[in-house]
Amino acid sequence: MADHDKTLPTNMLVSAYYRVHPDDRQTFIDAVIPDMKAATEIDGCVFYAFAQDLTDPNTFHLVEGWRDEAAYEAHENSPIFLEALSTVVKNVRILDRQGIRYDVAKQHIDDPRGRVS
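Be aware that the sequence shown starts at 3, since it is given in my numbering, and climbs by one per residue.
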């Protein structure tokens, strides 16, 4: 079971987006959902969010937070991830994609609600 503790440090962050061909959108969604659910159960997963863009239904955003590289690698090498990856690579026309993995050096709490009175 994943830690799911807000105090758990996020030492590795992944940020990505995908723009897929409209005809392949449902195939993409169907491949991603099982992996998304499984990722949150991996020990060391702080958060894992894969969501459809609010203004473009063919664009998806991924944000992952991991305790450490070992937890990240456990996900990347899991059978369910590799199955999702295979489905996407073989069956989804990705029109644009960018993915970046960050090593987190320092974290700051970001809560701008105090700016509003």
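Beta carbons are placed, not taken as given, at the ideal position from N, Cα and C, and that holds for glycine.
Is the stretch 67 to 77 in contact with the stretch 23 to 33, if contact means three or more CB pairs nearer than 8 Å?
-> no
Does the beta-carbon distance from Val106 to Met14 come in below 8 Å?
-> Against the sequence shown, residue 106 aligns to sequence position 104. Against the sequence shown, residue 14 aligns to sequence position 12. Yes; because the gap between Cβ atoms is below 8 Å, this pair is in contact.
Proximal residues to Asp5 (C-beta, below 8 Å), its chain only, five neighbours per side dropped | Taking the sequence shown and counting its residues from 1, the one referred to as residue 5 is at position 3. Because the pLDDT of Asp5 is 45, which lies under 50, any placement of that residue in the model is unreliable, and the number read from its coordinates should be weighed accordingly. These residues qualify, in order along the chain: Asp45, Gly46, Cys47, Val48, Arg69.
Which residues bound the alpha helix (DSSP H) around Asp26?
-> Along the sequence shown, one-based indexing puts residue 26 at 24. Here Asp26 belongs to no alpha helix (DSSP H), and DSSP marks it neither H nor E.
Apply the 10 Å Cβ neighbour rule to Gly67 and answer buried if 16 or more other Cβ atoms are within range, or exposed otherwise.
-> Residue mapping note: residue 67 aligns to position 65 of the sequence shown, counting from 1. Classification of Gly67: buried, given that the 10 Å Cβ count is 16 or more.
Going by CA-CA distance only, name the one from Tyr20, Phe83, Gly116 that's closest to Gly101.
-> On the sequence shown, residue 101 is found 99 positions in, with the first residue counted as 1. Comparing Cα-Cα distances from Gly101 to each of Tyr20, Phe83, Gly116, the minimum goes to Tyr20.
Taking 8 Å as the cut-off, decide whether the C-beta atoms of Leu2 and Val22 are in contact.
-> Residue 2 lies beyond the range of the chain shown here (3 to 119); nothing can be said about it.
Just mark Asp55 as buried or exposed, buried being the case when its beta carbon has 16 or more other beta carbons within 10 Å.
-> In the sequence shown, residue 55 corresponds to position 53, counting from 1. So Asp55 counts as exposed.
His77 bridges to which residues according to DSSP?
-> On the sequence shown, position 75 is the one that residue 77 refers to. Its beta-bridge partners do not exist; DSSP assigns none.
Report buried or exposed for Ala72, applying the criterion of at least 16 other Cβ atoms within 10 angstroms of its Cβ.
-> The count along the sequence shown starts at 1 and reaches residue 72 at position 70. Flag for Ala72 reads exposed.
Length of the line joining the Cα atoms of Asp37 and Gly116 = The sequence position of residue 37 within the sequence shown is 35, counting from 1. The sequence position of residue 116 within the sequence shown is 114, counting from 1. Asp37 and Gly116: Cα-Cα distance of roughly 36 Å.
With a 10 Å radius around its C-beta and 16 neighbouring C-beta atoms as the bar for buried, classify Ala86 as buried or exposed.
-> Taking the sequence shown and counting its residues from 1, the one referred to as residue 86 is at position 84. Counting Cβ neighbours within 10 Å, Ala86 comes out buried, since at least 16 surround it.
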